[in-house]
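Respectively, the protein sequence lines represent chains A and B. For the first sequence, our numbering begins at -11 and goes up steadily by one. For the second sequence, our numbering begins at 34 and goes up steadily by one. Okay, structure first, notes after.
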Amino acid sequence: MFTKIKSGIFIILLLAACSPGNQLSKVETSEYILSDSSSIPEDSLMKTKIRPYSEKMEADMGIILAQSAEALEKGIPESKLGNFVSDLCFESIKREYSPSDGKTIDFAFFNNGGLRKSLPAGNISKGDVFELMPFENELVILTLDAVLTKKLINFMASKGGVPVSGLRFSIKDKAAIDILIGGAAFDSTKTYKVLTSDYLANGGDNFSFLSEASKRESTSIKIRDAIIQHLYIQGKTEEIVRVNLDGRIRNE
Amino acid sequence: MEEFAMSNRREFIRTLMGSAAFLGLASTPLELFAKHEIIKLTILHTNDVHSRIDPFPKNDPKYPGMGGAARRATLIKQIRAKESNVLLFDAGDIFQGTPYFNLYGGELEFKLMSEMGYDAATIGNHDFDNGIEGLAKQLPHANFPFLNLNYNFSDTPMADSVLPYKIFQKAGLTIGVIGIGIELAGLVDPKLYGNTIYSNPLQMADDTALMLKKNLKCDMVICLSHLGYKYSEKKISDEVLAQESSYIDLIIGGHTHTFLDEPVRYKNKSNKEILVAQVGWAGIRLGRVDYYFDVRSRKNEALGCSVKISEKTRAV
Chain A
-11 MFTKIKSGIF IILLLAACSP GNQLSKVETS EYILSDSSSI PEDSLMKTKI RPYSEKMEAD
49 MGIILAQSAE ALEKGIPESK LGNFVSDLCF ESIKREYSPS DGKTIDFAFF NNGGLRKSLP
109 AGNISKGDVF ELMPFENELV ILTLDAVLTK KLINFMASKG GVPVSGLRFS IKDKAAIDIL
169 IGGAAFDSTK TYKVLTSDYL ANGGDNFSFL SEASKRESTS IKIRDAIIQH LYIQGKTEEI
229 VRVNLDGRIR NE
Chain B
34 MEEFAMSNRR EFIRTLMGSA AFLGLASTPL ELFAKHEIIK LTILHTNDVH SRIDPFPKND
94 PKYPGMGGAA RRATLIKQIR AKESNVLLFD AGDIFQGTPY FNLYGGELEF KLMSEMGYDA
154 ATIGNHDFDN GIEGLAKQLP HANFPFLNLN YNFSDTPMAD SVLPYKIFQK AGLTIGVIGI
214 GIELAGLVDP KLYGNTIYSN PLQMADDTAL MLKKNLKCDM VICLSHLGYK YSEKKISDEV
274 LAQESSYIDL IIGGHTHTFL DEPVRYKNKS NKEILVAQVG WAGIRLGRVD YYFDVRSRKN
334 EALGCSVKIS EKTRAV
């Protein structure tokens, strides 16, 4: 059955009305939870309408890319899912893209809001990756001076941590301390190159200050494609997906 | 259901007796009853369905086997079979979240909602995910209107496709429905929302609700909102709208994916009851609010002002 979970009744009694017309006398509220233990069937007309779409989709999205030792979930200050996606994006860009000025990229960062679903233990399908990263977001490289870089890292800390790669710090009083970039202490005289999504570079998730970046390079590589390619290679080489937490972001 | 129905009856009789006592009228409850006709309006709602056409897979860690458009369709049909005055709404973020959206751009979502008989929807931030053009392109698949009064779409492909409000007539009741959306800057990529201009909806929503009640004789005003339930920071939300407005009766919310087990009751700016509803996301739940209207002869107008009793019970 559908579970009708909660119902409340309250009565608004306006017997002596101030205004003419139809008067509200009572309100009842309730909710239905749609669970699969329901004895009520799925609507057959709906199923018929869905089928041509789902069959075509399944043929494409059902492809198994790789196996994972465990479910990967997002979270703060760091998470297995966040570390997995950040590391593979950072690695794939270092491998497949040469910045026009020849300088290396220092670190990568993303946002938790952009990771839309956990990856399951066991088989990971192409469809799982589409649900993790449904957006068409592309990887972009920003050049930031030290002041803006510090502002960025402090903003990450104020959010309780975001997915990063090549960057380590502690969060104290919502600010970042003990910052290490590529293993080296933060240098207030350096200009940094950072990898992120075009969504964040365009000011999404309140990263509006990124518009102050001195340079922006588009890689034309979609984040989802980077994930799919990474998993595809892992699957081909029969390497099980394993991710560790390494304290890259920690609470002081 | 039977238990539920019986409980309703009991409550109703208690209401009548209580009111007679309150006013010290000579009438017996039965005499009072004879003067009144009660019309029931059933509001059903979803939000943030996010392209969840199929139920979650059985191995999903959080929502195994839950949701699904085909099961929701059956439920809606069953409710329509029992109730004569049903309105069905969605509070936005219809798009994005499964490959159905990536492959088909929202076409199937709109077709199924049309089939289910949605009466109106508002626009969420993720409904811009294929750009304003991507949303406009799918509109032919929707046979229901999109309501929004705080996005200016005049310089976009949606210019002629969004209504600020719509009025529904049900069994002599006049129901005004408005739609409002969240601030796009900082949330949606500017290249996606294009020339859409956002304005703070608070005053616009309340002004429109007042106009609907005063000028267009609406018995109630429902607001479909994609603002989000509430925030720790000072930011317009359904909670703020509920407390700072005077003419909205029900806010059907979305965006924050908040599972409210029942609508939350607030006192509005004029100290009247307003409800804020939201049913999580992904079509896992369907919300329902039944309003009972007392359609009376206008002779009773002169009785005086506002005797109000609020009471809440659990029926199930």
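All C-beta atoms, glycine included, are put in the ideal place defined by N, C-alpha and C. Everything numeric in this text was worked out from a predicted model, so none of it was measured.
* Residue of A96(A), E19(A) and T36(A) minimising C-alpha distance to S153(A) -> Between S153(A) and the set A96(A), E19(A) and T36(A), the nearest pair of CA atoms involves A96(A).
* Would you call R83(A) buried or exposed, if buried means 16 or more other Cβ atoms sit within 10 Å of its Cβ? -> When all chains shown are included, R83(A) counts as exposed.
* Three-way DSSP call (helix, strand, coil) for Y85(A) in this model -> Reduced to three states, the DSSP call for Y85(A) is coil.
* Asked: Taking DSSP as the reference, what is the three-state secondary structure of Y151(B)?
  -> Three-state result, Y151(B): coil.
* Excluding sequence positions up to five away, which residues of its chain have a Cβ less than 7 Å from the Cβ of A238(B)? -> Closer than 7 Å at Cβ, skipping near neighbours: L182, I211, I213, C256, L274, S278 and I281.
* **Collapsed DSSP secondary structure at E295(B) in the structure displayed** => Residue state for E295(B) is assigned as coil, using DSSP reduced to three classes.
* Kindly say whether L206(B), judged by its beta-carbon, lies nearer than 8 Å to any beta-carbon of chain A. => So yes, L206(B) belongs to the interface.
* Asked: Where does the unbroken beta strand (DSSP E) through H78(B) begin, and where does it stop?
  -> First-last of the beta strand (DSSP E) with H78(B): E70 to T79.
* Those runs of the alpha helix (DSSP H) which lie wholly inside the region 42 to 123 of chain A and span at least 4 residues -> The qualifying runs are 68 to 84 and 114 to 120.
* Asked: What are the uninterrupted segments assigned as beta strand (DSSP E) that are 3 or more residues long and contained completely in the region 208 to 293 of chain B, given in chain order?
  -> Runs found: 253 to 258 and 283 to 285.
* Under 9 Å from the C-beta of E272(B): neighbouring residues of chain A -> Against chain A, a Cβ distance below 9 Å from E272(B) picks out nothing, because the smallest value is about 17 Å.
* Asked: What residues of chain B sit near R104(A), judged by a beta carbon separation below 9 Å?
  -> Here the neighbours are H83, Q129 and G130.
* Please report how far the alpha carbon of I76(B) lies from the alpha carbon of V328(B), in whole angstroms. => Using only the alpha carbons, I get a separation of about 18 Å.
* Supposed contact pair A54(A) and Q222(A) - C-beta distance, whole angstroms, cut 8 Å -> Distance from Q222(A) to A54(A) at the Cβ level is roughly 4 Å; contact confirmed, criterion being Cβ atoms closer than 8 Å.
* Check the C-beta distance from N158(B) over to I215(B) and give it rounded, since I have them as a contact under 8 Å. => Between N158(B) and I215(B), the beta carbon gap of about 6 Å places them in contact (Cβ cut-off 8 Å).
* Asked: Can you tell which of I167(A), S25(A), L120(A) and G101(A) has its C-alpha closest to the C-alpha of A145(A)?
  -> When only C-alpha atoms are compared, the closest one is I167(A).
* Determine the DSSP secondary structure at R204(A), reduced to helix, strand or coil. => Three-state result, R204(A): strand.
* **Helix, strand or coil at A134(A) [DSSP, three-state]** => In the structure shown, A134(A) falls within a helical segment according to DSSP collapsed to helix, strand and coil.
* Asked: How many whole angstroms separate the CB atoms of D160(B) and D126(B), which I take to be in contact at a CB cut-off of 8 Å?
  -> Contact flag correct, Cβ pair sits at about 6 Å.
* To do: Mind the definition here: the region 320 to 327 of chain B touches the region 135 to 152 of chain B only if three or more C-beta pairs lie below 8 Å; say whether that holds.
  => The way I'd put it, the region 320 to 327 of chain B doesn't touch the region 135 to 152 of chain B; fewer than three beta-carbon pairs between them come closer than 8 Å.
* To do: Measure the CB-CB distance between K68(A) and E61(A) and report whether it falls below 8 Å.
  => It is a contact, given that the beta carbons lie within the stated cut-off.
* Asked: chain A partners of F177(B), CB-CB under 9 Å?
  -> Chain A residues near F177(B): none, gap ~16 Å exceeds 9 Å.
* Beta-carbon proximity of N118(B) to K203(B), cut-off 8 Å -> The criterion of a C-beta distance shorter than 8 Å is satisfied by N118(B) and K203(B).
* Go through its chain and collect everything with a Cβ distance to K144(B)'s Cβ below 6 Å, but skip five positions before and after it. => Once the five neighbours on either side are set aside, the close Cβ partners of K144(B) are H174.
* Tell me whether P65(A) is buried or exposed, calling it buried when 16 or more other Cβ atoms sit within 10 Å of its Cβ. => Classification of P65(A): buried, given that the 10 Å Cβ count is 16 or more.
* Inter-stretch contact (C-beta, 8 Å, three-pair minimum) for the region 242 to 257 of chain B and the region 184 to 195 of chain B -> Contact between the region 242 to 257 of chain B and the region 184 to 195 of chain B is not established, with fewer than three Cβ pairs separated by less than 8 Å.
* To do: Give the straight-line distance between the Cα atoms of Q276(B) and Y299(B), rounded to the nearest whole angstrom.
  => Spanning the two alpha carbons is a distance of roughly 7 Å.
* **Straight-line Cα distance separating L260(B) from E266(B)** => Between the C-alpha atoms of E266(B) and L260(B) there is a straight-line separation of about 14 Å.
* To do: Please look up how many angstroms separate the CB atoms of F123(A) and M49(A), rounded, as I've assumed it's under 8 Å.
  => With a beta-carbon spacing of about 16 Å, F123(A) and M49(A) fall beyond the 8 Å limit used to define contacts.
* **Contact the region 124 to 134 of chain A vs the region 163 to 183 of chain A: 3+ CB pairs below 8 Å** => With the cut-off at 8 Å, the region 124 to 134 of chain A and the region 163 to 183 of chain A touch.
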